[in-house]
Amino acid sequence: MVRIREYVSKLGEEVVLDSGKHSESSIPKVIGEKDPRTILFEMPVEGKDPLVANLYSTREKVERLMEIGEGRLFEQMIRAKRNPVKPVEKAGGWMDNVSEPERISKIPLLKYYEEDAGKYITSSIIVAKDPEDEVVNMSVHRLLHLGSNRFAVRMVEGRHLHQIFMKHKAARKDLKVAVLIGTPVHIILSASTQLPKEVSEIEYAGALSGKPLQVSYFDGCDLPVPLEAEYVFEGRISTDLTASEWMTDILGLPDKPRNQPVMEVEKVYCSDNPIYHAILPGGLEHKFLMGYPAEVKIREKLVENDVNVKDVWLSSGSGGWLHCFVSISKKSDEEPRKIISLVMEAHRSVKGVVVLDDDIDPRDYGDVDFALATRFQDRAKFYFFEKMRGSSLDPSSNQETLLTSKWGLDLTLPIGTDKKRFLRSRIKFEDRP
Numbered sequence: 003m004v005r006i007r008e009y010v011s012k013l014g015e016e017v018v019l020d021s022g023k024h025s026e027s028s029i030p031k032v033i034g035e036k037d038p039r040t041i042l043f044e045m046p047v048e049g050k051d052p053l054v055a056n057l058y059s060t061r062e063k064v065e066r067l068m069e070i071g072e073g074r075l076f077e078q079m080i081r082a083k084r085n086p087v088k089p090v091e092k093a094g095g096w097m098d099n100v101s102e103p104e105r106i107s108k109i110p111l112l113k114y115y116e117e118d119a120g121k122y123i124t125s126s127i128i129v130a131k132d133p134e135d136e137v138v139n140m141s142v143h144r145l146l147h148l149g150s151n152r153f154a155v156r157m158v159e160g161r162h163l164h165q166i167f168m169k170h171k172a173a174r175k176d177l178k179v180a181v182l183i184g185t186p187v188h189i190i191l192s193a194s195t196q197l198p199k200e201v202s203e204i205e206y207a208g209a210l211s212g213k214p215l216q217v218s219y220f221d222g223c224d225l226p227v228p229l230e231a232e233y234v235f236e237g238r239i240s241t242d243l244t245a246s247e248w249m250t251d252i253l254g255l256p257d258k259p260r261n262q263p264v265m266e267v268e269k270v271y272c273s274d275n276p277i278y279h280a281i282l283p284g285g286l287e288h289k290f291l292m293g294y295p296a297e298v299k300i301r302e303k304l305v306e307n308d309v310n311v312k313d314v315w316l317s318s319g320s321g322g323w324l325h326c327f328v329s330i331s332k333k334s335d336e337e338p339r340k341i342i343s344l345v346m347e348a349h350r351s352v353k354g355v356v357v358l359d360d361d362i363d364p365r366d367y368g369d370v371d372f373a374l375a376t377r378f379q380d381r382a383k384f385y386f387f388e389k390m391r392g393s394s395l396d397p398s399s400n401q402e403t404l405l406t407s408k409w410g411l412d413l414t415l416p417i418g419t420d421k422k423r424f425l426r427s428r429i430k431f432e433d434r435p
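Just add 2 to the spot in the sequence shown (first one is 1) and you have the numbering used here.
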């Protein structure tokens, strides 16, 4: 079983070790200043557990932790989705350390921004079972601590957990759940991915790691719970109780208050000497875990439609969510328009799409700006779409209907263009003895 402490050891000198004393309010600022470097607070607040942040902040770091080789994560995720691996039951792990809900008081929960409703758990993964088809869902949901053993659970309407919850609400039964905190990357990456409903994230996580996920069960419960976690909460989400919650979102903007279901924690399990995993809202780790699975979905859609894709990036300035830059080896002058439509089909939240030639690095804002400055002339290569389904994260969209304006920009050179005039010069260095 993989532990967070092993990851910290594997990253070695890349990790910032902070042994100083902090107030809870000062820790988010330090996390942001060190981003994307992983930071371990050995005693973030006196009497509380160690805290790690910026753990999965870049693709390169994730590939290293997964030991799959640089640039291989896309292929690994596609292969895993097509070949899910069923879990195996095993004892041990967090099962050996069970506590009452009062154990929550030792976890260094943080209020990240002044505008937030309170202290949040941001790396929390909820495991629940659909009562009809018995598919197990595992997805990331922020938890607002309401005090004692209660948390407000943010559920996006229409997503799988919300569907499961609504079925229980209709039956007037509380929803039994497990909450995982501090998991290895294959689990949290799986939980961050929107999969077809019939595919369980537990089986997808096993495929990502290359071996079956080890799971166990709470007493008298048939919900499989992964053993690889620093903390596990056993609890129930009430179908009657709600609480208002809001938190800063991935764009760094305060979300609007919503009444959300309340979860009551019944038991707390933890591994030996657990490390709490905190994810800074709007930080690079948040953007990677939320955005990279969407990049994979976009790239997969393009490949399926015979597009020669070099790279896809959901830009950091758009929260890793709203703007997509795609570099391609173009086959026809009509292809970029098709690509813009395909991206919008694959990722409904996207607001703007830029299509680039394969000599432009879509992950480099300077490169994209260079392409805009040197390759845009024809307004017919700018596409504008009105009243399309957008994202609630875009504050300029209609927040009731989620309708918004979208755009696409073709910055590729026409087929047959003499590219010598558009390629930047290179400095030639003489061989030195």
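Virtual Cβ for every residue (Gly too), placed ideally from N, Cα, C. Since we're looking at a predicted model, the values are computed, not measured.
Residue range of the alpha helix (DSSP H) that includes G368
Counted as a single uninterrupted DSSP element, the alpha helix (DSSP H) harbouring G368 occupies residues Y367 to R377.
Taking the CB atoms as reference points, tell me whether I277 and D20 lie closer together than 8 Å.
no
Tell me whether E337 is buried or exposed, calling it buried when 16 or more other Cβ atoms sit within 10 Å of its Cβ.
buried
For S273 versus R105, is the C-beta distance shorter than 8 Å?
no
For A477, count neighbouring C-beta atoms within 10 Å of its own C-beta (all shown protein chains included) and say buried if the count is 16 or more, exposed if not.
In this structure the chain extends from 3 to 435, so residue 477 is not present and cannot be described.
What's the call for F327, buried or exposed, on a 16-neighbour Cβ count within 10 Å?
Label assigned to F327: buried.
Can you tell me which residues form a DSSP beta bridge with M265?
F153 and I239
Residue interval of the beta strand (DSSP E) (run including R391):
Per DSSP, the continuous beta strand (DSSP E) segment holding R391 begins and ends at F384 to R391.
Mark G156 as exposed unless 16 or more other C-beta atoms lie within 10 angstroms of its C-beta, in which case mark it buried.
At residue 156 the sequence reads Arg, which differs from the Gly that was named. R156 comes out buried.
DSSP three-state call for P228: helix, strand or coil?
strand
Would you call the region 172-190 and the region 305-318 touching, i.e. three or more CB-CB distances under 8 Å?
no
Kindly indicate which residue of Y219, K408 and L243 has the alpha-carbon position closest to the one of A93.
Y219
Does the count of Cβ pairs from the region 255-262 and the region 30-50 closer than 8 Å reach three?
no
If you draw a straight line from the alpha carbon of E230 to that of A209, how long is it in whole angstroms?
15 Å
My output table needs one value for W248: the three-state DSSP class, helix, strand or coil.
The answer is coil: DSSP assigns W248 none of H, G, I, E or B.
With three or more C-beta pairs closer than 8 Å as the rule, is the region 335-354 touching the region 390-399?
yes
8 Å Cβ cutoff met for P30 and L112
yes
Please classify G94: does DSSP put it in a helix, a strand, or coil?
coil
Looking at the strands, I want to know which residues DSSP matches up with Q216.
For Q216, which the question treats as bridged, DSSP gives the partners V90.
Cutting at 8 Å between CB atoms, please list the residues of its own chain near N56, excluding the five before and the five after it.
I33, K36, D37, P38, R39, T40, I41, L282, G285, L286 and E287
What beta strand (DSSP E) runs, 3 residues minimum, are completely inside the region 134-215?
DSSP runs (the beta strand (DSSP E)) wholly in the region 134-215: 138-142, 145-149, 152-155 and 177-183.
How many Å lie between E26 and I341 at the Cα?
Going by the C-alpha atoms only, they are around 46 Å apart.
Member of M3, D366, D176 and H325 whose CA lies at the smallest distance from the CA of V90:
M3
Name the two residues that bound the continuous alpha helix (DSSP H) containing H288.
For H288, the enclosing alpha helix (DSSP H) covers residues L286 to E306.
Using a Cβ-Cβ cutoff of less than 7 Å, which residues in the same chain neighbour D335 once the five nearest sequence positions on both sides are dropped?
P416 and I417
Assign Y206 to one of two classes, buried (16 or more other C-beta atoms within 10 Å of its C-beta) or exposed (fewer than that).
buried
If you reduce the DSSP assignment to three classes, tell me which class K83 lands in.
helix
Does K312 come out as helix, strand or coil in the three-state DSSP assignment?
strand
Report the rounded CA-to-CA distance for F76 versus V311, giving the unit in angstroms.
12 Å
Which residues DSSP lists as bridging F327, in chain order
DSSP output for F327 lists W315 and V356 as bridge partner(s).
Would F290 pass as a contact of Y115 if the rule is Cβ separation under 8 Å?
Contact: no.
Between which two residues does the beta strand (DSSP E) holding K340 run?
Bounds of any beta strand (DSSP E) do not take in K340; it lies within the alpha helix (DSSP H) bounded by E337 to A348.
Based on the DSSP secondary-structure assignment, which residues constitute the bridge partners of R260?
For R260, which the question treats as bridged, DSSP gives the partners E247.
What first and last residue would you give for the beta strand (DSSP E) that runs through V10?
From DSSP, V10 is part of no beta strand (DSSP E) but of the alpha helix (DSSP H) over I6 to L13.
If contacts are defined as beta-carbon pairs under 8 Å, then P263 and T250 qualify, I think. What distance do you get, rounded to the angstrom?
No, P263 and T250 are not in contact; Cβ-Cβ is about 21 Å, not under 8 Å.
I need the DSSP call for K113, collapsed to helix, strand or coil.
coil
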